[in-house]
Structure formats: C-alpha cells, structure tokens
Amino acid sequence: MEDFKQIAHRFVKEHFGSRADDLAPLASGDWSRAYSFVLDGRDMVIRFGAYVDDFKKDRAMGELSLASLPIPKVIEIGETENGFFAVSERVQGKKHLDELDESEMRVVLPQLFDALYELQTLDLTGTQEVGLWRPEGTGPGWGAELLAVAEPRERLAGWRERLDTSPREASIFDAGVVKLSELVPQLPEIRGIVHNDLLNRNVLVDNGKLTGLFDWGNAFYGDPLYDHAWFLYWWPWYPQWQGIDLQAILDQHWDKRGGPPAQMKERLLCYLIHIGLDHIAYCAFRERAEDRKRNADQVLTYI
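Heads up: the sequence shown runs through residues 1 to 303, numbered per the numbering used here.
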C-alpha cells in the first residue's frame, strides 16, 4: 500500500508532469498535509485536505496580502481521488512564530498586532460567502456563532459523547457555556476577520520580520479582539515567553491608537472562555486527555 508521500508524489507527477519537481514534505496540521515543490521554476506549496472551503478561504485572503502581512496567493484549487488540493506560492522564513525565543518574540509580536489591525481596514467584500464568512445580514449573529461551540460539528463528530466519558471536564464545559451565554448579549456586533489559529506553525518569521501568514481554514467573521484573546489564552503554554509582559504589549498597541476599544475587558473574557470551550471539545474528539484536562482547568479560572 502507498504511503501518503507516495500518493502525493504520484498526483503531482500526473497533474503537472515535467513542470513539477523536488516534492518534499512540510509541517502538516490536523486538517491537511503540505509539501513544497518547484512548479515552472517557482517555489510552491501543495496541500491536500478533505475540506475545500479551507482552501477557498486561503485563496480569498491571498488577495488581501499586505507588505506588513504577506499572505501567499493560491494559484489553483482542485479535486483529488480522496479530497481536494490547493497550490500556493511559497513564502520563505527561517522560523515559525511558535519557535521564537523571548527576545525574538518581543520584536515580532507588536508587528503582528499592527499588521492584523491594518488588515481590518481593507475592503473585505471579496471574502464573503466563503466557508463561514457570510454577507452582512445573513446567518446567525456574532453571539450565536460563539454559542454554537456547544453544538454538534461535522469535523468533530461525536465530540460530546467522548467528553461525557470524563464527567469533571464535561461539567466544567457546561458551566462555561452557561457563563458564555450570560456574556454574549453584551457583545457588540463587529465584522472583522479573525484568523483564529495564529500559532500552530501558521506564521513565518525571518530576521525579525513577518514573512508569511497562512492557513485561514479556521478563520471567521467576528471581533478582531478574538485574535488578541488567542494569545492571552495560549501564552501560559509557552514557557519560553514567560518573561514577556503580553498585557503591556497589548496596552502599547492600543495606546498608539488612542486607547483601548469599548468593552475590551468583557469582550476578551468572553473570547477566552470560548477558546477554552472550543479546545475542550477538540481535545475530547482527538482523545487528548491531558490537554482536555488542562483546557478545562484554564476555563475554570475564567468562570
């Protein structure tokens, strides 16, 4: 039986012929596998996955690339025997954001926050009707989207049943949903773009500069503060960054813009709870007991 690298190699040769060469595996996530290769003399990446909407989001976001926030352009999306593929330009970088040490992170993180802020000033109409991104006035509002964390999900089939095998974490999850439902009516209806996965090897850095932000499969329309909450939530999981005052970096970010946005404390608390609930469900689905417990313990500190 062929392993996946052999399948990928065969597909690339059949699809691109002599135009393609030098296929090599890259870091892959839970929803897709990635390979570098050369196509028509250019460095490219091909990814294989089961969800074409993820690749369509990447294509939409590639059209919004900024000098401060390079987003690789998607050249082609198509079908394979068992799913879908996407070919995109390869962005270069020596390290992923997750791999930076304290001194490097102090330099890069303010750049990332500034670039994400700049992204929200662009015309985002081209991203509408892609995956979770719907035109204004259609589909549930922001609060309803957040509360959907407790509902069944196509990608996480059976997550609740698996969570129920751990009564302590299940009860914490339910208490978190109650708290979330109390908070969401206070949220403003904001329609920016949230990446929602800024760690997990999705940001490339080279010599103190952002060189690429990719994998928009988890992205959605919502409050851009959610991406700030993402760092606040995961910060304790990265021992190498504990000497950095993340809150001070966030405060400086908002000081440059005349002060923090309205209801920032309440909004961030809501998103911290949501991130925790989302990952309790995810870890239950993946049967990652240790991470499920750690996320549940962290949610307890918010509720």
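Glycine is no exception: its CB is placed at the ideal position from the N, C-alpha and C atoms.
- Message: On the criterion of 16 or more Cβ atoms from any shown chain inside 10 Å, does Ala144 qualify as buried, or is it exposed?
- Response: As a position in the sequence shown, residue 144 is number 144, starting the count at 1. Exposed, since its Cβ has fewer than 16 Cβ neighbours within 10 Å.
- Message: Can you find the residues in the same chain that come closer than 8 Å, C-beta to C-beta, to Val45, ignoring five residues on each side of it along the sequence?
- Response: Working through the sequence shown from its first residue, we reach residue 45 at position 45. The residues are Leu26, Ala34, Tyr35, Ser36, Phe37, Pro72, Val87, Ser88, Glu89 and Arg90.
- When the Cα atoms are used, what is the spatial distance from Phe285 to Gly158? As a first step, residue 285 is located in the sequence shown; it is residue number 285 there, counting from the start. As a first step, residue 158 is located in the sequence shown; it is residue number 158 there, counting from the start. The alpha-carbon separation between Phe285 and Gly158 amounts to approximately 7 Å.
- Message: Tell me the rounded alpha-carbon separation between Ala20 and Val52.
- Response: As a first step, residue 20 must be located in the sequence shown, where it is residue number 20. As a first step, residue 52 must be located in the sequence shown, where it is residue number 52. So the alpha carbons of these two residues sit roughly 22 Å apart.
- If we call anything under 7 Å between Cβ atoms a contact, is Val203 one with Lys95? In the sequence shown, the residue the question calls residue 203 occupies position 203. In the sequence shown, the residue the question calls residue 95 occupies position 95. No.
- Check Asp215 in the structure and name its three-state DSSP category. Along the sequence shown, one-based indexing puts residue 215 at 215. The answer is coil: DSSP assigns Asp215 none of H, G, I, E or B.
- So which of Asn196, Leu156, Glu161 and Pro224 has the shortest CA-CA distance to Leu187? Here residue 187 refers to the residue found at position 187 of the sequence shown. The option with the nearest alpha carbon to Leu187 is Pro224.
- Query: Taking all protein chains shown into account, do 16 or more other C-beta atoms lie within 10 angstroms of the C-beta of Pro185, making it buried, or fewer, making it exposed?
  - Reply: For the purposes of this step, residue 185 is identified with residue 185 of the sequence shown, where counting begins at 1. Sixteen is the threshold: since fewer than 16 other Cβ atoms of the shown chains lie within 10 Å of the Cβ of Pro185, the residue is exposed.
- Along the alpha helix (DSSP H) that carries Asp206, what are the first and last residues, could you check? Counting from one through the sequence shown, the residue named residue 206 turns up at place 206. Per DSSP, Asp206 belongs to no alpha helix (DSSP H); it is in the beta strand (DSSP E), Val203 to Asp206.
- Residue range of the unbroken alpha helix (DSSP H) whose run includes Ile314: Beyond the ends of the chain as shown, which are 1 and 303, falls residue 314; an answer cannot be given.
- Message: Determine whether the beta carbon atoms of Ala219 and His195 lie at a separation below 7 Å.
- Response: Looking up residue 219 in the sequence shown gives position 219. Looking up residue 195 in the sequence shown gives position 195. Yes.
- Apart from the five residues just before and just after Thr211, which ones in its own chain have a Cβ nearer than 8 Å to its Cβ? Mapped onto the sequence shown, residue 211 falls at position 211. Contacts found: Pro70, Val91, Gln92, Gly93, Leu204 and Val205.
- Task: Decide if Arg42 is buried, meaning its Cβ has at least 16 other Cβ atoms within 10 Å, or exposed.
- Result: On the sequence shown, residue 42 is found 42 positions in, with the first residue counted as 1. Label assigned to Arg42: exposed.
- Item | Where Ala24 sits in the DSSP three-state scheme | To locate residue 24, count along the sequence shown from 1; it is residue 24. Strand at Ala24.
- Message: Going by C-alpha to C-alpha distance, which of Phe11, Lys13, Val299 and Pro239 sits closest to Val178?
- Response: Within the sequence shown, the letter at position 178 stands for residue 178. Nearest C-alpha to Val178: Val299.
- Task: Taking Thr80 and Phe11 to be in contact with their CB atoms under 8 Å, please state how far apart those CB atoms are, rounded to whole angstroms.
- Result: Against the sequence shown, residue 80 aligns to sequence position 80. Against the sequence shown, residue 11 aligns to sequence position 11. About 6 Å separates the Cβ atoms of Thr80 and Phe11, confirming a contact at the 8 Å cut-off.
- Query: For Ala262, which residues from the same chain have a beta carbon less than 8 Å from its beta carbon, with the 5 sequence-adjacent residues on both sides left out?
  - Reply: Stepping through the sequence shown from its first residue, residue 262 is reached at position 262. Closer than 8 Å at the Cβ level, and outside the excluded window around Ala262, lie Pro188.
- Would you kindly check if the distance between the Cβ of Gly17 and the Cβ of Ser32 is under 7 Å? By 1-based counting over the sequence shown, the position of residue 32 is 32. By 1-based counting over the sequence shown, the position of residue 17 is 17. No. Outside cutoff.
- Item | Bridge-paired residues (DSSP) for Ile77 | For the purposes of this step, residue 77 is identified with residue 77 of the sequence shown, where counting begins at 1. According to DSSP, Ile77 bridges with Ala86.
- Close Cβ partners of Phe84 (< 8 Å) along its chain, the five nearest in sequence each way excluded: Translated into positions along the sequence shown, residue 84 becomes position 84. Correct list, in chain order: Phe48, Gly49, Ala50, Tyr51, Val52, Phe55, Ile77 and Gly78.
- Query: Closest by CA to Glu151, which one among Trp234, Ala281, Ile303 and Tyr302?
  - Reply: Here residue 151 is taken as the residue at index 151 of the sequence shown, counted from 1. Nearest option by C-alpha distance: Ala281.
- Query: Can you name the start and end residues of the beta strand (DSSP E) that Ser68 belongs to?
  - Reply: Translated into the one-based positions of the sequence shown, residue 68 becomes position 68. Boundaries for Ser68: no beta strand (DSSP E) harbours it, and the DSSP string shows neither H nor E there.
- Item | DSSP state of Ala170 mapped onto helix, strand, coil | As a first step, residue 170 must be located in the sequence shown, where it is residue number 170. Correct three-state label for Ala170: helix.
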